[in-house]
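Colleague:
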Amino acid sequence: MLSFLHFLLLIALVACASASSDYHERLLLRPLPQSTLLASFNFRSMESSVAFAQQNFRYFPRSFGQILQHAHTKELHVRFSVGRWDADNWGQRPWHGAREGGTGVELWAWIEAQSEEEAFSRWLTLVNSLSGLFCASLNFIDATKTIRPVMSFVPEGDHANSTSLHLLHGTLPHEVVCTENLTPFLKLLPCKGKAGISSLLDGHKLFDASFQTMAIDVRPVCEGAGGSCVLEMEQTVDMVLDIARSKRPRDDPIPRARPIEEIECDTGKGYNSGDTCYPLDKHAEPAWNLTELFGRPLKGACPLTEETGDDANTLCINTPPERTIQVNTTGKYAETRSASDTLRCYKLPIGAEFDLVLPEQQMTTGLVRAEPQLYAARSINGHGQERGSVQAVIKNPSETDAVEFVYLESLPWFMKPYLHTLRARVDTSSENPVRETYYRPAVDRRRGTHLELRMVIPAGSTLTLTYDFEKAILRYTEYPPDANRGFDVAPAVIRLLAPYQSVDKKGIYLRTTSLLLPLPTPDFSMPYNVIILTSTVMALGFGNIFNLLVRRFVGVDEVPALGAGGLKGVIMGKIERLKAKLGRA
Amino acid sequence: MPLDQQKALLFGSAAAVRLLLFTAFPSLPNRLAGRVEVSTPVTSFKRLQEGLFLYTHNVSPYDGGVYHQAPLLLPLFSLLPNPSYYPFATSVLFTMVDLLSALALAQIAESGQSVVTRLFKSSRKDLRWSSVAIAAGFLFNPFTVATCIARSTSALTNLFILTAMAKASQGASFTFVLALSFASYLAMHPLLLFPPLLVLLYDARASKTKSAPSPFLFSVVHTLGLAAAVCALLFVSALLTGSWDFLAATYGVRLLLPDLTPNVGLWWYFFTEMFDSFREFFLGVFWLHVASYMPGLTIRLRKQPLFVATTLTGIFAIFTPYPSIADATLYLSLVPLFRHLFPLMRYTFLASASILYASFLGPAFYHLWIYAGSGNANFFYAITLVWSLGLSIIVGDSLYAALRDELDVERPELRGEEVKRI
Numbered sequence: 363m364l365s366f367l368h369f370l371l372l373i374a375l376v377a378c379a380s381a382s383s384d385y386h387e388r389l390l391l392r393p394l395p396q397s398t399l400l401a402s403f404n405f406r407s408m409e410s411s412v413a414f415a416q417q418n419f420r421y422f423p424r425s426f427g428q429i430l431q432h433a434h435t436k437e438l439h440v441r442f443s444v445g446r447w448d449a450d451n452w453g454q455r456p457w458h459g460a461r462e463g464g465t466g467v468e469l470w471a472w473i474e475a476q477s478e479e480e481a482f483s484r485w486l487t488l489v490n491s492l493s494g495l496f497c498a499s500l501n502f503i504d505a506t507k508t509i510r511p512v513m514s515f516v517p518e519g520d521h522a523n524s525t526s527l528h529l530l531h532g533t534l535p536h537e538v539v540c541t542e543n544l545t546p547f548l549k550l551l552p553c554k555g556k557a558g559i560s561s562l563l564d565g566h567k568l569f570d571a572s573f574q575t576m577a578i579d580v581r582p583v584c585e586g587a588g589g590s591c592v593l594e595m596e597q598t599v600d601m602v603l604d605i606a607r608s609k610r611p612r613d614d615p616i617p618r619a620r621p622i623e624e625i626e627c628d629t630g631k632g633y634n635s636g637d638t639c640y641p642l643d644k645h646a647e648p649a650w651n652l653t654e655l656f657g658r659p660l661k662g663a664c665p666l667t668e669e670t671g672d673d674a675n676t677l678c679i680n681t682p683p684e685r686t687i688q689v690n691t692t693g694k695y696a697e698t699r700s701a702s703d704t705l706r707c708y709k710l711p712i713g714a715e716f717d718l719v720l721p722e723q724q725m726t727t728g729l730v731r732a733e734p735q736l737y738a739a740r741s742i743n744g745h746g747q748e749r750g751s752v753q754a755v756i757k758n759p760s761e762t763d764a765v766e767f768v769y770l771e772s773l774p775w776f777m778k779p780y781l782h783t784l785r786a787r788v789d790t791s792s793e794n795p796v797r798e799t800y801y802r803p804a805v806d807r808r809r810g811t812h813l814e815l816r817m818v819i820p821a822g823s824t825l826t827l828t829y830d831f832e833k834a835i836l837r838y839t840e841y842p843p844d845a846n847r848g849f850d851v852a853p854a855v856i857r858l859l860a861p862y863q864s865v866d867k868k869g870i871y872l873r874t875t876s877l878l879l880p881l882p883t884p885d886f887s888m889p890y891n892v893i894i895l896t897s898t899v900m901a902l903g904f905g906n907i908f909n910l911l912v913r914r915f916v917g918v919d920e921v922p923a924l925g926a927g928g929l930k931g932v933i934m935g936k937i938e939r940l941k942a943k944l945g946r947a
Numbered sequence: 214m215p216l217d218q219q220k221a222l223l224f225g226s227a228a229a230v231r232l233l234l235f236t237a238f239p240s241l242p243n244r245l246a247g248r249v250e251v252s253t254p255v256t257s258f259k260r261l262q263e264g265l266f267l268y269t270h271n272v273s274p275y276d277g278g279v280y281h282q283a284p285l286l287l288p289l290f291s292l293l294p295n296p297s298y299y300p301f302a303t304s305v306l307f308t309m310v311d312l313l314s315a316l317a318l319a320q321i322a323e324s325g326q327s328v329v330t331r332l333f334k335s336s337r338k339d340l341r342w343s344s345v346a347i348a349a350g351f352l353f354n355p356f357t358v359a360t361c362i363a364r365s366t367s368a369l370t371n372l373f374i375l376t377a378m379a380k381a382s383q384g385a386s387f388t389f390v391l392a393l394s395f396a397s398y399l400a401m402h403p404l405l406l407f408p409p410l411l412v413l414l415y416d417a418r419a420s421k422t423k424s425a426p427s428p429f430l431f432s433v434v435h436t437l438g439l440a441a442a443v444c445a446l447l448f449v450s451a452l453l454t455g456s457w458d459f460l461a462a463t464y465g466v467r468l469l470l471p472d473l474t475p476n477v478g479l480w481w482y483f484f485t486e487m488f489d490s491f492r493e494f495f496l497g498v499f500w501l502h503v504a505s506y507m508p509g510l511t512i513r514l515r516k517q518p519l520f521v522a523t524t525l526t527g528i529f530a531i532f533t534p535y536p537s538i539a540d541a542t543l544y545l546s547l548v549p550l551f552r553h554l555f556p557l558m559r560y561t562f563l564a565s566a567s568i569l570y571a572s573f574l575g576p577a578f579y580h581l582w583i584y585a586g587s588g589n590a591n592f593f594y595a596i597t598l599v600w601s602l603g604l605s606i607i608v609g610d611s612l613y614a615a616l617r618d619e620l621d622v623e624r625p626e627l628r629g630e631e632v633k634r635i
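Going line by line, the protein sequences match chains E and U.
Per our numbering, the first sequence starts with residue 363, numbered consecutively.
Per our numbering, the second sequence starts with residue 214, numbered consecutively.
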């Protein structure tokens, strides 16, 4: 008996040892221009497919895994996003946009099913279960918000039988992503935000960021043909923090003017005096430390991560080599430098707090900004609540390469685009940039519009895409309580096809911002009045006409003789007739 | 001036006005096509263009929520050059449609069926306007011109309704059945015109030949003929689009009103504000209401079938789900056929004033609601109420006049006397 217990213990130890390489996490900090900082958190856990099928979960969260099994979901991508990535100032998107979502919630999955109907019913199961798991209104993704993209998304994982897989995609642009979505997100992590880099994630700072996106990606990864497969779950958080804003103390978050003695004034200004001051722009990198910026300290490494090798370096910062970085910890840590010292990585101590302190520093080398492959902006033109047009401007900054991309629009049904008005123009050539069009028109109250365009934009050109649309008026029960705010239209998704290829299967994506679409509104206080007034007009017409049809004309002077007119006449007539009948009998 | 010359002058000038408006103001057609008073979801030219675009690009236009018009319009308009780039051919087509409608209207006026029928001869039968004047009233009605410039497909429906009336009053069975089947195929509700027009056709035929045909056999043959023609059109449409989906997208939309785009009618705001659980019930009631006028009028005014048909077009302009000024213009052009009833009408000032009031204030109030934002939906709704009330006053008043006119023939001693309805 005792030996058996020992044996079990041994197995547990071995499992722990082998599993330690199945969980990775990394935080990459990258200062961006204008005193902002990009923080990219990445958590990756693996589970072998065999163990997953047997419901033997180790790092893969059980609640999440069971939902995927129940809905026959083979690959899943969920995104919660707030804010806009400012490509003009910040450059290329983290992960090439592959871990980014449109404003609100975006979800797409490959579901195994025999038919489209089955796939859709499993999709509904999936969104309803995830809705409960993430405390988000994912259950509102119904047929009107679901599309089946044909060109924009390809599976990231390795799938054995891809014929029975159905891709479904849904968006909730109106969804407000907030703290209640972060808590379940952290619970899916093995260290649950108690240790490791996830201990930095605090709702107050995350949702106060200029841009933030939380992503969950589940995909099967196979080693070669017929090799063993693992199910990889990747959780990503990207946030762009405004350093000055984040450093504000939590108990006094309102920005106030500092006393003039504390401000360094630009004495070069003509109006500079004892009581007027223009703040001096010092062009210096601001001072910050992790605790101040994220609102809580980094509580050492998550013990489940690898203890040696590259994967042990869970905190990296990408700055010019001249930037001074001080480490503040009581535990044992290690620093490694790579990529000609622009990347500094730290192996965190276990069980001790860790902090990076960067003092204010005048820099001689500027920040390197990677040029994005494309810039995209989209807006609604026109005025009034009846119709309008959408204009998307896509710019190719490259001087040498033409870029081929897929443009995906998923519009709500009450925004009715006119495809015959779709015009795509390139400013440098008269050639039509549209190569291929996929269009599935909306059906009222049943499904939304799905438009995919494969286009080519020549080097150094700007492509302008416009189309007209008409706004439908809804039934008064279909408007939300804040009807005059307008309705959100999901961001357009752009996927780059050529010549840029990402090294992995993730692809290169960018998304525009969402649009706000004001619809004409009825008067919500009027249902009874409208029913009464319309019915009155109809009754007037009906009564007038049928009154003429069923009665006959007589001269005015004949009326008293006939004894007709009014109730009295009718009754008298009846009595007369009855008398006559009785008399005859 | 001889009649032919007058007609040539009238038609020439009407065509010239239209083509001038088309060419001198190139943005006018699209601007008018976007007006809710002129274009409804089931007649809009912009939606027709979208349907054509989808049709020529092998996407079923009926698998979407935009195109709700008859399938046979697609091959017809796909023969024409693209109106976004070469609008002239379309302009000529719609001008021709208007001229043919006016021609049909002139034929109705010339047949004299409005004053003298087989069973009834109005005592005021000499009080008539010439066919040229009536055609001019149609061609130069601003509502007709606006419909034509907006290229609304209700112009085609109007053409077929007028042709059906003209052929019925001439006693031409075959063309009548064909025209009415086209009208019903395009807009569905003209099917209700069949009974009164059948009576008209029977009267015209009976007065032409010595021996009147058997009424039973006559109606059976024509009903079967109409059914066959409509079925043939539907079948051709199904062949053309490859499925029967178009039924739900065209007639289904007219029946169930899923598209609540504002129009001049009474339905859209009612069903915007309707409680969900009562929607189906009131849809049934409203359609029953529209259909209820046909049997009553046909039976009561058996002797004046053309008047019944005219009144029914007026009912359609008020009580159908997607009316526009095109429906009103059809009715308002048919009313002058009954010039002899005008002295008997009592509320002409009230009716014309409310029509004018609604025509001027309707666009203004719509602008206030949709563009300026200083008004709300009730502004436009109130104007549609006034418009419908004005039209229903004309309908009711002309019906009173027609019945009074009949009374004068039945009882000549009451002519000019006060009468009372009992």
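A virtual CB, placed ideally from N, CA and C, is assigned to each residue, including glycine.
For U/LEU222 versus U/ALA349, is the C-beta spacing smaller than 7 angstroms?
Modeller: Cβ distance not < 7 angstroms, so U/LEU222 and U/ALA349 don't count as in contact.
Colleague: If we define contact as Cβ-Cβ less than 7 angstroms, is U/SER343 a contact residue for chain E?
Modeller: So no, U/SER343 is outside the interface.
Colleague: Mind listing the chain E neighbours of U/LEU589? Cutoff is C-beta to C-beta under 7 angstroms, in chain order.
Modeller: Residue identity differs from the one stated: residue 589 of chain U is Asn in this sequence, not Leu. Neighbours of U/ASN589 on chain E, chain order: ASP885.
Colleague: Using the three-state DSSP reduction, which class does E/THR813 fall into: helix, strand or coil?
Modeller: Looking at the sequence shown, residue 813 of chain E is not Thr but Leu. Correct three-state label for E/LEU813: strand.
Colleague: Going by other Cβ atoms of all chains shown within 10 Å of its Cβ, with 16 needed for buried, is E/VAL376 buried or exposed?
Modeller: Note that E/VAL376 has pLDDT 35, beneath the 50 cutoff, so the model's placement of it is unreliable and the number below is only indicative. When all chains shown are included, E/VAL376 counts as exposed.
Colleague: Who are the Cβ neighbours of E/LEU358 in its own chain at under 8 angstroms, not counting the five residues just before and after it?
Modeller: Only positions 363 to 947 of chain E appear in the structure, and residue 358 of chain E is not among them; the question remains open.
Colleague: I'd like to know if E/MET513 contacts chain U, where contact means its C-beta is closer than 7 angstroms to some C-beta of that chain.
Modeller: With 7 angstroms as the cut-off, E/MET513 does not count as an interface residue toward chain U.
Colleague: In the region 548 to 562 of chain U, which residues sit with their C-beta less than 8 angstroms from some C-beta in chain E, listed in chain order?
Modeller: Residues: none.
Colleague: Do E/PHE422 and E/MET595 have their C-beta atoms within less than 7 angstroms of each other?
Modeller: Taking 7 angstroms as the Cβ cut-off, E/PHE422 and E/MET595 qualify as a contacting pair.
Colleague: Can you give me the start and stop residues for the alpha helix (DSSP H) that U/CYS444 sits inside?
Modeller: From DSSP, the alpha helix (DSSP H) with U/CYS444 extends over 428 to 454.
Colleague: DSSP on E/THR790, reduced to helix/strand/coil?
Modeller: Coil, per DSSP.
Colleague: Do E/LEU677 and E/LEU878 count as a contact pair if the criterion is CB distance below 7 angstroms?
Modeller: In this structure, E/LEU677 does not lie closer than 7 angstroms to E/LEU878 by Cβ.
Colleague: Measuring CB atoms only, is the region 840 to 851 of chain E touching the region 311 to 321 of chain U, in the sense that at least three cross pairs come out at less than 8 angstroms?
Modeller: With the cut-off at 8 angstroms, the region 840 to 851 of chain E and the region 311 to 321 of chain U do not touch.
Colleague: Span of the alpha helix (DSSP H) holding E/VAL899?
Modeller: Taken as a continuous stretch (DSSP letters only), the alpha helix (DSSP H) holding E/VAL899 covers 889 to 912.
Colleague: Quick check: E/PHE426 and E/LEU550, are their CB atoms within less than 7 angstroms of each other?
Modeller: Cβ distance < 7 angstroms, so E/PHE426 and E/LEU550 count as in contact.
Colleague: Is E/LEU929 close to chain U, meaning its C-beta is less than 7 angstroms from at least one C-beta of that chain?
Modeller: By this cut-off, E/LEU929 is not an interface position.
Colleague: For U/THR422, count neighbouring C-beta atoms within 10 Å of its own C-beta (all shown protein chains included) and say buried if the count is 16 or more, exposed if not.
Modeller: So U/THR422 counts as exposed.
Colleague: Expressed to the nearest angstrom, what Euclidean distance is found between the alpha-carbon atoms of U/GLU619 and U/THR436?
Modeller: Straight-line Cα distance between these residues: approximately 29 angstroms.
Colleague: Roughly how many angstroms separate the alpha carbons of U/PRO428 and U/ALA522, rounded to a whole number?
Modeller: When rounded, the distance between both Cα atoms is 19 angstroms.
Colleague: Is there a Cβ of chain E sitting closer than 7 angstroms to that of U/ILE635, yes or no?
Modeller: Closer than 7 angstroms to some Cβ of chain E, the Cβ of U/ILE635 qualifies, so yes.
Colleague: Taking 7 angstroms as the threshold (beta carbon to beta carbon), is U/PRO471 in contact with chain E?
Modeller: It does; some Cβ of chain E falls within 7 angstroms.
Colleague: Which residue or residues does DSSP assign as beta-bridge partners of U/SER546?
Modeller: DSSP, once it has assigned bridges, lists no residue as partnering U/SER546.
Colleague: Give me the chain U residues within the contact set of E/HIS745, using Cβ-Cβ distance strictly less than 7 angstroms, ordered along the chain.
Modeller: Those are TYR584, listed as they occur along chain U.
Colleague: E/GLU748 CB to nearest chain U CB: under 7 angstroms?
Modeller: Closer than 7 angstroms to some Cβ of chain U, the Cβ of E/GLU748 qualifies, so yes.
Colleague: The beta strand (DSSP E) that contains E/ALA475, what's its start and end?
Modeller: Unbroken run through E/ALA475: none, as it is neither H nor E.
Colleague: Counting only the same chain and skipping the five closest in sequence on each side, list residues whose C-beta sits under 6 angstroms from that of U/VAL622.
Modeller: Around U/VAL622: SER336.
Colleague: In terms of DSSP beta bridges, what is E/THR435 paired with?
Modeller: E/ILE473.
Colleague: Answer yes or no: do U/ILE607 and U/GLY575 have a C-beta to C-beta separation smaller than 7 angstroms?
Modeller: Contact flag unset, no.
Colleague: Within 10 angstroms of its Cβ, does E/VAL892 collect 16 or more other Cβ (buried), or is it exposed?
Modeller: Buried, since its Cβ has 16 or more Cβ neighbours within 10 Å.
Colleague: Let's test the definition: count the other Cβ atoms within 10 Å of the Cβ of E/VAL932 and tell me whether it reaches 16, buried, or not, exposed.
Modeller: Burial call: exposed.
Colleague: Going by beta-carbon coordinates alone, are E/ALA505 and E/ARG749 separated by less than 7 angstroms?
Modeller: No, the pair does not count as a contact, with Cβ atoms beyond the cut-off.
Colleague: Compare the C-beta of E/PHE915 with all C-beta atoms of chain U and state if any pair is closer than 7 angstroms.
Modeller: Chain U contact via Cβ: present.
Colleague: For the region 361 to 395 of chain U, which segments carrying the alpha helix (DSSP H) assignment without a break, of at least 4 residues, lie completely within its bounds, in sequence order?
Modeller: Complete alpha helix (DSSP H) runs here, min 4: 367 to 383.
Colleague: To the nearest angstrom, how far is the alpha carbon of E/CYS378 from that of E/ASP564?
Modeller: At E/CYS378 the pLDDT is 38, less than 50, meaning the model places this residue with poor confidence and gives no usable figure here.
Colleague: Let me check understanding here. Comparing Cα to Cα, which of E/ALA754, E/GLU814, E/LYS778, E/LEU827 lies closest to E/LEU836?
Modeller: Comparing Cα positions, the closest option is E/LYS778.
Colleague: Assign E/VAL865 to one of two classes, buried (16 or more other C-beta atoms within 10 Å of its C-beta) or exposed (fewer than that).
Modeller: That one is exposed.
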